[in-house]
């Protein structure tokens, strides 16, 4: 790739997208050069998904301009964007497993005569596209019998048959093995050789340097910068891939302002949970311990494996390896097993998985352990009221009544209701996935105080967070994740600094 090639296929100028109360995209400007692989990266909430929807016609912009091939571009539908030559390949593939490859390629484009479906007029070109990308796929193959990578190839072949000039690929390797990823990269390079420009979205920073020509970084809905990948790699300060990745991490996270970590001073000698060599489709040999009264943090970039660890511990995903609870081996087969063992999860998406938004505080709090407020199958209203009032007082929940509908509470107070529900289980271990996401500063500090109080009472707390300041302020020890593995475990305090942490989660060397 010639870095001097400045011919833009698309120019985005001052792009803006506003939702009620939220500015998702704010004055974003950058160019996408013709016949390049342009990587778009950023943490969750950075604006990548909104950007894709605007470019593919799934969502209209609020302001700004887009030029495609030098002409104004403002598609109102996905069909309009495809007519101009822009299409997207999402993580959730748009294929029908029970149909053959040929039927999937022609689905929605069938010719009819007298009510009969005829062979697709351009079937030969569809076959040629497929064969040029992967000769091992046969037209008669049932799509459901193909690998994920092969199913992606089928969808790519269909996409490029519509005079595709720009293909947007949303984390195409997220579910692929290492070998499948290599094959997918070959397919992407073939697409580039056909003159197709690629927008490549990934959380795996190493892929930027393996496949990308250019990279743009979004943070909090704003464009932080665009760089030629070769220039980053060749800079004298970036003489290794991990150092190059660190440059991108710094752009993604910005300046990290840390509040001082204050240790509780409690001695932690009683091990209540141990994971040994945990493996899943995304995790490799994950091992760690949790002690009574400890706040253990898991940190890594999006896609590093934090959430997957939480899902294993809560019985949501099958796993290999061994988990010990209070020194006794335990197989967590499902969520019910985890709950019986004394493990509770405060989920990342509280509105979807944490609360019953149309019910009152009183109805939400006891819901994970209804036996406390029931007798002979009937809810005792007095017990229910007392339970709700107790948590409202102890957690300083800002409400005028226990009858307040939870969906109308602020984000911070909704999170307090979720925590109250989990505490009602009287569990020994609390898993907190992004416990303060979308919460204002004051409420965030209150949640942190609650977490510390729980640890002081002997609970084992595991915090999974993508906010480095939160992890370094709150947690006693920090498990750093990188591409599904534990990079290292750091003890908080002393000489621990954010630059070292960022270097490690970018793949840097572990030093003593």
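Numbering (our numbering), first residue to last: 40 to 551.
Note that CB positions come from ideal geometry on N, CA and C, so glycine has one too.
Extent of the continuous alpha helix (DSSP H) run through residue 538: Taking the chain shown and counting its residues from 1, the one referred to as residue 538 is at position 499. Judged by DSSP secondary structure, residue 538 falls within the alpha helix (DSSP H) whose first and last residues are 537 to 544.
CB-CB length for residue 455 against residue 471, believed under 8 Å: Walking along the chain shown from the start, residue 455 turns up at place 416. Walking along the chain shown from the start, residue 471 turns up at place 432. About 13 Å separates the two Cβ atoms, so there is no contact after all.
Nonlocal neighbours in the same chain, by C-beta distance under 6 Å from residue 288, ignoring five residues either side: Translated into the one-based positions of the chain shown, residue 288 becomes position 249. Correct list, in chain order: 541, 545.
Supposed close pair residue 91, residue 227 - CB separation, criterion 8 Å: As a first step, residue 91 must be located in the chain shown, where it is residue number 52. As a first step, residue 227 must be located in the chain shown, where it is residue number 188. Rounded, the Cβ-Cβ distance is 17 Å, inconsistent with contact.
Test item: CB-CB of residue 317 and residue 351 under 8 Å: Counted from its first residue, the chain shown places residue 317 at position 278. Counted from its first residue, the chain shown places residue 351 at position 312. Against a cut-off of 8 Å, the Cβ pair of residue 351 and residue 317 comes out as a contact.
Burial state of residue 233 (16 or more Cβ within 10 Å): Reading the chain shown from its first residue, position 194 is the one you call residue 233. Exposed, since its Cβ has fewer than 16 Cβ neighbours within 10 Å.
From 382, 370, 448, residue whose alpha carbon lies closest to that of residue 398: Position 359 of the chain shown, counted from the first residue, corresponds to residue 398. The residue with the shortest Cα to Cα distance from residue 398 is 448.
Selection from 55, 59, 137, 69 that minimises the alpha carbon distance to residue 47: The count along the chain shown starts at 1 and reaches residue 47 at position 8. Out of 55, 59, 137, 69, the CA that lies nearest to the CA of residue 47 is found in 69.
Sheet register partners of residue 361 (DSSP bridge): Residue mapping note: residue 361 aligns to position 322 of the chain shown, counting from 1. Looking at the DSSP assignment, residue 361 forms a beta bridge with 315.
Bounding residues of the alpha helix (DSSP H) (the contiguous stretch that carries residue 461): The count along the chain shown starts at 1 and reaches residue 461 at position 422. Note, residue 461: alpha helix (DSSP H), 450 to 462.
Residue from 300, 139, 409 whose Cα sits closest to the Cα of residue 536: Here residue 536 refers to the residue found at position 497 when the chain shown is read from its first residue. Of 300, 139, 409, the residue nearest in Cα terms is 300.
Close beta carbons around residue 155, own chain, < 6 Å, minus the five adjacent residues each side: Stepping through the chain shown from its first residue, residue 155 is reached at position 116. With a pLDDT of only 45 at residue 155, under 50, the local geometry of the prediction cannot be trusted, and the value read off the model is given with reservation. Closer than 6 Å at the Cβ level, and outside the excluded window around residue 155, lies no residue.
Backbone CA spacing between residue 169 and residue 109 [nearest angstrom]: Here residue 169 is taken as the residue at index 130 of the chain shown, counted from 1. Here residue 109 is taken as the residue at index 70 of the chain shown, counted from 1. The alpha-carbon atoms of residue 169 and residue 109 are separated by roughly 30 Å.
Simplified DSSP assignment, three categories, for residue 501: As a position in the chain shown, residue 501 is number 462, starting the count at 1. In this structure, residue 501 counts as strand in the three-state DSSP scheme.
Residue 429 - containing alpha helix (DSSP H), residue span: Your numbering for residue 429 matches position 390 in the chain shown. That run of the alpha helix (DSSP H) goes 420 to 433.
Spatial distance of residue 461 from residue 78 (CA atoms): In the chain shown, counting from the first residue as 1, residue 461 sits at position 422. In the chain shown, counting from the first residue as 1, residue 78 sits at position 39. C-alpha separation (whole angstroms): 40 Å.
Continuous alpha helix (DSSP H) assignments of at least 4 residues falling wholly in the segment 380 to 420: 400 to 403
Extent of the continuous alpha helix (DSSP H) run through residue 232: For the purposes of this step, residue 232 is taken as residue 193 along the chain shown, with counting starting at 1. Looking at the DSSP string, the run of the alpha helix (DSSP H) that includes residue 232 is 217 to 232.
Beta-carbon gap between residue 235 and residue 203 smaller than 8 Å: Here residue 235 is taken as the residue at index 196 of the chain shown, counted from 1. Here residue 203 is taken as the residue at index 164 of the chain shown, counted from 1. Going by C-beta atoms, residue 235 is nearer than 8 Å to residue 203.
Nearest to residue 97 (by Cα), restricted to the options 85, 120, 344: Here residue 97 refers to the residue found at position 58 of the chain shown. The option with the nearest alpha carbon to residue 97 is 120.
Cut-off 7 Å between Cβ atoms - residues of its own chain near residue 272, not counting five sequence neighbours on either side: Taking the first residue of the chain shown as 1, we reach residue 272 at position 233. 248, 283, listed in sequence order.
For residue 474, three-class secondary structure by DSSP: Within the chain shown, residue 474 is the residue found at index 435, counting from 1. Three-state result, residue 474: coil.
Boundaries of the alpha helix (DSSP H) in which residue 248 is found, first to last residue: Counting from 1 along the chain shown, the entry for residue 248 is found at position 209. Here the alpha helix (DSSP H) through residue 248 covers 244 to 250.
Spatial neighbours of residue 57 in its chain, beta-carbon cut-off 6 Å, leaving aside the 5 residues before and after: Sequence index remark: in the chain shown, residue 57 carries index 18 (1-based). Answer for residue 57: 101, listed in chain order.
Anticipated Cβ contact below 8 Å, residue 333 with residue 516, distance rounded: Sequence index remark: in the chain shown, residue 333 carries index 294 (1-based). Sequence index remark: in the chain shown, residue 516 carries index 477 (1-based). Contact holds; Cβ gap of about 7 Å.
Straight-line Cα distance separating residue 172 from residue 328: Reading the chain shown from its first residue, position 289 is the one you call residue 328. Reading the chain shown from its first residue, position 133 is the one you call residue 172. Looking at the two C-alpha atoms, the distance is approximately 46 Å.
Three-state secondary structure assigned by DSSP to residue 354: By 1-based counting over the chain shown, the position of residue 354 is 315. DSSP places residue 354 in coil when its eight states are reduced to three.
Span of the alpha helix (DSSP H) around residue 6: As displayed, the chain neither begins before 40 nor continues past 551, which places residue 6 out of reach and without an answer.
Closest residue to residue 616 among 268, 241, 87, 180 (Cα-Cα distance): As shown, the chain starts at 40 and ends at 551. That puts residue 616 outside it, with no answer to give.
Limits of the unbroken alpha helix (DSSP H) element including residue 68: Against the chain shown, residue 68 aligns to sequence position 29. Note, residue 68: premise wrong, no alpha helix (DSSP H); beta strand (DSSP E) at 61 to 72.
Whole-angstrom distance between residue 501 and residue 355, CA atom to CA atom: Numbered from its first residue, the chain shown carries residue 355 at position 316. Numbered from its first residue, the chain shown carries residue 501 at position 462. About 16 Å.
N-terminal and C-terminal residue of the beta strand (DSSP E) that residue 125 is part of: The residue given as residue 125 occupies position 86 in the chain shown. Note, residue 125: beta strand (DSSP E), 125 to 128.
Residue 128 beta carbon less than 8 Å from that of residue 211: As a first step, residue 211 must be located in the chain shown, where it is residue number 172. As a first step, residue 128 must be located in the chain shown, where it is residue number 89. Contact: yes.
Nearest neighbour of residue 253, chosen from 260, 259, 418, 264 [CA to CA]: As a working note, residue 253 is residue 214 in the chain shown. Of all alpha-carbon atoms in 260, 259, 418, 264, the one lying nearest the alpha-carbon of residue 253 is that of 264.
Separation of residue 205 from residue 487, as counted between CA atoms: Here the question's residue 487 lines up with position 448 in the chain shown. Here the question's residue 205 lines up with position 166 in the chain shown. If you take the alpha carbons of residue 487 and residue 205, they lie about 45 Å apart.
Inter-residue spacing [alpha-carbon to alpha-carbon] between residue 403 and residue 423: On the chain shown, position 364 is the one that residue 403 refers to. On the chain shown, position 384 is the one that residue 423 refers to. Cα to Cα, the separation comes out at about 10 Å.
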